[in-house]
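First the structure, in the form of structure tokens, and then the observations on it.
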Amino acid sequence: TVYLRVYDPVGIQFRFAYTEKVTEKNVSDDIKKQIIDLTGGHGKIARLAHETLLAEEAMPHNIHEFLKNTNNIKTALSDLWNFLSPAEQYYVKNLSNNPEKNLYLENIQIVKDQKLTIPLFEDYVQKIDISNQKTFTYNTESNEICKGDESISDTLSPSEFRLLRYLIVHSEKVCEKDE
Numbered sequence: 012t013v014y015l016r017v018y019d020p021v022g023i024q025f026r027f028a029y030t031e032k033v034t035e036k037n038v039s040d041d042i043k044k045q046i047i048d049l050t051g052g053h054g055k056i057a058r059l060a061h062e063t064l065l066a067e068e069a070m071p072h073n074i075h076e077f078l079k080n081t082n083n084i085k086t087a088l089s090d091l092w093n094f095l096s097p098a099e100q101y102y103v104k105n106l107s108n109n110p111e112k113n114l115y116l117e118n119i120q121i122v123k124d125q126k127l128t129i130p131l132f133e134d135y136v137q138k139i140d141i142s143n144q145k146t147f148t149y150n151t152e153s154n155e156i157c158k159g160d161e162s163i164s165d166t167l168s169p170s171e172f173r174l175l176r177y178l179i180v181h182s183e184k185v186c187e188k189d190e
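So the sequence shown is numbered by the working numbering: it starts at 12 and just counts up by one.
So this is what it looks like as structure tokens:
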């Protein structure tokens, strides 16, 4: 298995240099280091942070606070959150209470030593409430599929029902195409 890591030092330096060449503006090496530290070197988030700071007339005093309240950074963090599966979201949200490692998230360097590697993402995750997320359940007695407390069986075609029932019953396993 090949894993692409979140932080690519050569790629980040290229993106910074290219953006500064195109905009004919630049930021100090200290600011670039802060961007990399706050974004964990995540390509898209680091690029957006760099572009956002280049667009400012004066450099904000607290770059961390400034970036975490910027809409394009919030959108990128939301994209990252939505990229994760529900199980991965739960794992990330409960890192401090979870002694087990998620090898995938470790290998792509979103998590290292049971901590998120992207401080801006950590701030974002802390604000998310996953307690009200509705889960799908299958009741074998009534042969009914529910989303949260609401039955959705009547809204599904027979094929959709069978497929969703199979996925719920086998939620802990990766299903092959021919299954």
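A virtual CB, placed ideally from N, CA and C, is assigned to each residue, including glycine.
task = Report yes if the CB atom of residue 100 is closer than 8 Å to the CB atom of residue 46, and no otherwise.
result = no
inquiry  = Please report the straight-line C-alpha distance between residue 165 and residue 149, rounded to a whole angstrom.
reply    = Rounded to the nearest angstrom, the two C-alpha atoms are 13 Å apart.
task = Tell me whether residue 126 sits in a helix, a strand or coil according to DSSP, three-state version.
result = strand
task = Kindly list the residues whose CB is nearer than 6 Å to the CB of residue 160, restricted to its own chain and excluding five residues on each side of it in sequence; keep chain order.
result = none
ask   = Taking just the CA atoms, how far does residue 146 sit from residue 97?
value = Rounded to whole angstroms, residue 97 to residue 146 spans 10 Å at the Cα level.
query = Which same chain residues, not among the five before or five after residue 19, have their C-beta less than 8 Å away from its C-beta?
reply = 52, 54
inquiry  = DSSP three-state label for residue 18, please.
reply    = strand
ask   = Does DSSP classify residue 150 as helix, strand or coil?
value = strand
request  = Identify every run of the alpha helix (DSSP H) within the region 29-105, keeping only runs that are complete inside it and at least 4 residues long; order them along the chain.
outcome  = 40-50, 54-66, 74-79, 82-94, 97-104
inquiry  = By alpha-carbon positions, which one of 126, 154, 69 ends up nearest to residue 108?
reply    = The shortest C-alpha separation from residue 108 is found at 126.
Range covered by the alpha helix (DSSP H) that runs through residue 139 = Note, residue 139: premise wrong, no alpha helix (DSSP H); not H, not E.
ask   = In chain order, what residues of the same chain lie with their CB nearer than 8 Å to the CB of residue 104, ignoring the 5 residues before and after it?
value = 136, 139, 141
ask   = CB-CB under 6 Å to residue 250, same chain, minus the five flanking residues each way: which ones, in chain order?
value = For the chain, the structure presents residues 12 to 190; residue 250 sits outside this window and is missing.
query = For residue 121, does the three-state DSSP call read helix, strand or coil?
reply = coil
inquiry  = Using only CA atoms, which one of 60, 106, 90, 129 lies nearest to residue 80?
reply    = 60
ask   = Which first and last residues belong to the beta strand (DSSP E) in which residue 155 is found?
value = 155-158
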